[in-house]
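> Under the working numbering, the residue at position 230 of the sequence shown is numbered 277, and the numbers go up by one with no gaps. A virtual CB, placed ideally from N, CA and C, is assigned to each residue, including glycine.
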Amino acid sequence: MTTDILRPVVTWLRDIPGSDDTARGNGVGLQLLLIMIGTTLPLIWPYRIAALTNPLTPADWTDLCTDTLVVLSAWIGVTKVRQGAIQVATRLFVASMLLSLGIGYVERGLMSSMLDQTYVVLPIVLGGLILGRRALWQLYGLLIALFAAGAATDVLRLTARGASHPLMGAVNVLPLALSYLAITLVIDQCVSTLRGSVLAAEQRGRRLAEINRVLEDEVAAHRKSREQLIHAQKVEAVGRLAGGVAHDFNNILSVIEGYAEAREESDDPAVLRSALYGVAAAARRGGAVSRKLLSFGRRDIARLEVIDLRRALRDVKHVLRQLFSHAVTLTVDVAADARHIRFDPEQLELMILNIAANARDAMPPDGRFDIRVSAAPGGRVRLAFRDNGQGMPEHVRREVFEPFFTTKPPHAGSGLGLAVVRDLVRDHDGAIDVHSVEGEGTTIVIELPAVSLPDRDEARLAPLIHTLLIEDEDVLREMWRKRLEAEGFLVVEAGDGAQALRLAAELAHTLNLVITDLRLGDNDPVSWIDELRAVLPEIPVLVVSSHFPPGIHRTGGVAILHKPCSPDMLVSEAMRLFDAAQRTASHGEDVTAAAYRV
């Protein structure tokens, strides 16, 4: 408590304008001394006057006047210190004390003042610490002169009294001179050492400041060089990226070509429908590649869905069958307890396609490619992709995920395939590793967070989800409404922003969810979400759009879904966001974080 009381006082004492740390420290001590002297002397005099039985003598009046002079100089000194004039305050106070001492010695003599040496020491100490060594020795000389004046007064008084040895009045000058010489020497040595330390510290500070400036210049030069290097790398990367995109599209075109050959091999409508389905799926993967190209240099949010790996790999197996030659053995095995993950479906297919394409280039014509899905510790799913290709040496294995690293001949590979795979895995909170033995093959192991789905019976017993659906395209809004209502949603429709805000205000206490388009007429997308959140601050919002401005990602309580999307995808995202909101209500976690948690 004492520290808390004194802290503002010390802060006030140290608040001296235009002072360095040394001067500020001297200023604090000087203020305390001046305040103490300026306060105690006026308090002592009433007591002294009350104790007197006789009227004040001339000597008493002299003491009162000199003390008043010292008190005034003390308080003026405090004012000067507060203005930053520390040396001016010191000179003023020391001068007043020397004048007071001189008047006292002349008035009373030196012998009567021998017992009171407190005021004599103060000018020496203050002069040495604040005014410097030269002022210290000047003050010492002035004190010796004052001692001599006091001794002269004593000699004259003894002579006037007829003393046999009047010069005894000067006997104290030499001992005092020697005593204060010793004090002055000690103070001089201390001041010299202190000032030497301060100068050394200042020199070190200047050297450090100079070193810091040099380092800042070097950092700035390094930053500039790094920016130039990054720019050069980006220029190079753009060229390589074009080759990488061409490589990915060639893989997709190979799949399309394989399906197209089905029309020559069979006239069976079922076979042709299956081939057309495969062509459509390959086209979607082409869209994923183009989005990857458009997002070069910026991060787009993935279109996350809960994916059944058994179903997804069954579909991808048909695509891989077109990628590999018919002599390649292709197997897929998915464990029953490790089926579901949350991933962008098109990015999942692109990831598998890139891994398979690398395996194809390393395998013999009659090679083998296996995909194994199993449960991993920590609530994760392990996907293992194994080929019996030529394998790779250790130095290649360490670099295999680096962008543009490739051991293939020019124009045969971009070095981007596995780098893209690594980035996709990391974007979905996963981990990836590669094991390879030369002459035996390579295994790429990916671990992703597993997703536990609610029991179907529990889902059927779930309460109605009161939903505000906002979409200005009538046909699309009608299709979504029917699909949502079929899944147990209670839907209220709005075709424009004004109607949506009115309904939101009316239904604020009953709504569980809002599904909205981002672009409604001339509304600014980010402002529209802010307006909606102002009316419904606690209700989760699913925003469906083909393009999202950067500001939308910083809006709390909002999840996003990219167009085009199927009604099933819309229902899945809406249900997931609603479930996240329910967890938020019971556990207090952030809605958006819960919605995107995997």
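In terms of DSSP beta bridges, what is Ala-497 paired with?
Here residue 497 refers to the residue found at position 450 when the sequence shown is read from its first residue. Ile-388, per the DSSP bridge assignment.
> Pick from Val-539, Asp-434, Ile-388 and Leu-516: whose alpha carbon is nearest that of Asp-476?
The residue labelled residue 476 in the question sits at position 429 within the sequence shown. Comparing Cα positions, the closest option is Ile-388.
> Considering only residues of the same chain and omitting the five flanking positions on each side of Asp-114, which have a CB-CB separation below 6 Å?
What you label residue 114 is simply residue 67 of the sequence shown in a count that begins at 1. If we look at Asp-114 and ignore the five residues flanking it on each side, its Cβ neighbours are Leu-88.
> What residues in its chain sit with their C-beta under 6 Å from that of Tyr-187, if we drop five residues either side in the sequence?
As a position in the sequence shown, residue 187 is number 140, starting the count at 1. Cβ neighbours of Tyr-187 beyond the five flanking positions: Thr-231.
> Which residues does DSSP pair with Gly-436 in a beta bridge?
Looking up residue 436 in the sequence shown gives position 389. DSSP lists no partner for Gly-436.
> If I'm right that Gly-74 touches Ile-133 with Cβ under 8 Å, what's the distance once you round it to whole angstroms?
Start at 1 with the first residue of the sequence shown, and residue 74 comes out as number 27. Start at 1 with the first residue of the sequence shown, and residue 133 comes out as number 86. Contact holds; Cβ gap of about 5 Å.
> Taking the beta carbon of Ala-406 as the centre, do at least 16 other beta carbons fall within 10 Å, making it buried, or is it exposed?
In the sequence shown, residue 406 corresponds to position 359, counting from 1. With 16 or more other Cβ atoms within 10 Å, it is buried.
> Let me know the secondary structure DSSP gives Glu-540 once reduced to three states.
Here residue 540 refers to the residue found at position 493 when the sequence shown is read from its first residue. DSSP places Glu-540 in strand when its eight states are reduced to three.
> Under 7 Å between the Cβ atoms of Gly-438 and Ser-483?
As a first step, residue 438 is located in the sequence shown; it is residue number 391 there, counting from the start. As a first step, residue 483 is located in the sequence shown; it is residue number 436 there, counting from the start. A contact, by the Cβ cut-off of 7 Å.
> Can you give me the start and stop residues for the beta strand (DSSP E) that Leu-516 sits inside?
The residue you call residue 516 lines up with position 469 of the sequence shown. Residues 512-517.
> Comparing C-alpha positions only, which one of Val-588, Trp-527, Gly-542 and Ala-533 sits nearest to Ala-555?
Looking up residue 555 in the sequence shown gives position 508. The shortest C-alpha separation from Ala-555 is found at Val-588.
> Please report the distance separating the alpha-carbon of Leu-560 from that of Arg-386.
The sequence position of residue 560 within the sequence shown is 513, counting from 1. The sequence position of residue 386 within the sequence shown is 339, counting from 1. If you take the alpha carbons of Leu-560 and Arg-386, they lie about 28 Å apart.
> What runs of the alpha helix (DSSP H), each 4 residues or longer, lie entirely inside the region 369-421?
Listed in chain order, the complete alpha helix (DSSP H) runs (minimum 4 residues) inside the region 369-421 are 392-409.
> Grab the span of the alpha helix (DSSP H) containing Ala-217 for me, first residue to last.
Taking the first residue of the sequence shown as 1, we reach residue 217 at position 170. Premise fails: Ala-217 is in no alpha helix (DSSP H) and is neither H nor E.
> Quick check on the burial criterion: 16 or more other C-beta atoms within 10 angstroms. Buried or exposed for Arg-601?
Translated into positions along the sequence shown, residue 601 becomes position 554. At Arg-601, the pLDDT of 49 sits below 50, so the modelled position is not reliable and the matter cannot be decided from this model.
> Of all the options Asp-434, Arg-473, Thr-563 and Ala-497, which has the alpha carbon lying nearest to the alpha carbon of Thr-514?
For this step, residue 514 is matched to residue 467 along the sequence shown. Measuring from the Cα of Thr-514, the nearest candidate turns out to be Thr-563.
> Spell out the partners DSSP gives Ala-423 in its beta bridges.
Position 376 of the sequence shown, counted from the start, is the residue given in the question as residue 423. Partner(s): Arg-427.
> Please classify His-609 as buried or exposed, where buried requires at least 16 other C-beta atoms within 10 Å of its C-beta.
Reading the sequence shown from its first residue, position 562 is the one you call residue 609. Buried, because 16 or more other Cβ atoms sit within 10 Å of the Cβ of His-609.
> Among Asp-107, Asp-626 and Gln-78, whose alpha-carbon lies nearest the alpha-carbon of Trp-92?
Position 45 of the sequence shown holds residue 92. When only C-alpha atoms are compared, the closest one is Asp-107.
> Between the beta-carbon of Ala-7 and the beta-carbon of Thr-490, is there less than 7 Å?
Since the first residue shown for the chain is 48 and the last is 645, residue 7 is missing from the structure and cannot be characterised.
> Can you grab the Cα-Cα spacing for the pair Val-539 / Val-573, in whole Å?
Position 492 of the sequence shown, counted from the start, is the residue given in the question as residue 539. Position 526 of the sequence shown, counted from the start, is the residue given in the question as residue 573. The straight-line gap from Cα to Cα measures roughly 23 Å.
> Taking the alpha carbon of Trp-575 as the reference point, which residue from Leu-558, Glu-553, Ile-191 and Asp-543 has its own alpha carbon closest?
Position 528 of the sequence shown, counted from the first residue, corresponds to residue 575. Among Leu-558, Glu-553, Ile-191 and Asp-543, the Cα nearest to that of Trp-575 is on Asp-543.
> What's the call for Phe-343, buried or exposed, on a 16-neighbour Cβ count within 10 Å?
For the purposes of this step, residue 343 is taken as residue 296 along the sequence shown, with counting starting at 1. For Phe-343, the pLDDT reaches just 46, beneath the cut-off of 50, and the residue's location in the model is therefore unreliable, leaving the point undetermined.
> Quick one: give me the first and last residue of the alpha helix (DSSP H) that Asp-114 is part of.
The residue labelled residue 114 in the question sits at position 67 within the sequence shown. Segment 105-129, the alpha helix (DSSP H) holding Asp-114.
> Pairs of beta-carbons, one from the region 519-534 and one from the region 604-623, closer than 8 Å: are there three or more?
Touching, yes, given that three or more Cβ pairs across the two stretches are closer than 8 Å.
> Give the secondary structure of Gly-209 by DSSP, where H, G and I count as helix, E and B as strand, and everything else as coil.
One-based indexing of the sequence shown puts residue 209 at position 162. Gly-209: coil per DSSP, three-state reduction.
> Cα separation between Ala-121 and Ser-244?
Against the sequence shown, residue 121 aligns to sequence position 74. Against the sequence shown, residue 244 aligns to sequence position 197. Near 30 Å, if we compare the C-alpha coordinates of Ser-244 and Ala-121.
> Is the beta carbon of Val-428 closer than 7 Å to that of Glu-396?
Along the sequence shown, read from residue 1 onward, the residue named residue 396 stands at position 349. Along the sequence shown, read from residue 1 onward, the residue named residue 428 stands at position 381. No, these two residues do not count as a Cβ contact at 7 Å.
> Taking the DSSP output, what are the residues bridged to Gly-488?
In the sequence shown, counting from the first residue as 1, residue 488 sits at position 441. Gly-488 is bridged to Val-484.
> Grouping DSSP H, G and I as helix and E and B as strand, with all else coil, what is Ser-593?
Here the question's residue 593 lines up with position 546 in the sequence shown. Looking at Ser-593 - three-state DSSP - the assignment turns out to be coil, as it is neither helix nor strand.
> Taking 6 Å as the cut-off, is the C-beta of Val-618 nearer than that to any heavy atom in the ligand ZN?
What this structure holds is no ligand at all, so the ligand ZN is not there to describe.
> Apart from the five residues just before and just after Ile-354, which ones in its own chain have a Cβ nearer than 8 Å to its Cβ?
As a working mapping, residue 354 is identified with position 307 in the sequence shown. Same-chain partners within the cutoff: His-387, Ile-388, Arg-389, Phe-390, Pro-392 and Leu-395.
> Would the region 176-183 count as touching the region 224-238 if we require 3 or more Cβ pairs under 8 Å?
Yes, they touch.
> Identify whether Thr-200 lies in helix, strand or coil by the three-state DSSP scheme.
To locate residue 200, count along the sequence shown from 1; it is residue 153. If DSSP states are grouped into helix, strand and coil, Thr-200 belongs with the helices.
> Pull up the distance between the alpha-carbon of Gln-185 and that of Leu-119, whole angstroms please.
The residue labelled residue 185 in the question sits at position 138 within the sequence shown. The residue labelled residue 119 in the question sits at position 72 within the sequence shown. Their backbone Cα atoms lie some 24 Å apart in a straight line.
> Can you tell me which residues form a DSSP beta bridge with Thr-563?
The residue you call residue 563 lines up with position 516 of the sequence shown. Note: Thr-563 sits in a beta bridge opposite Ile-517 and Val-590.
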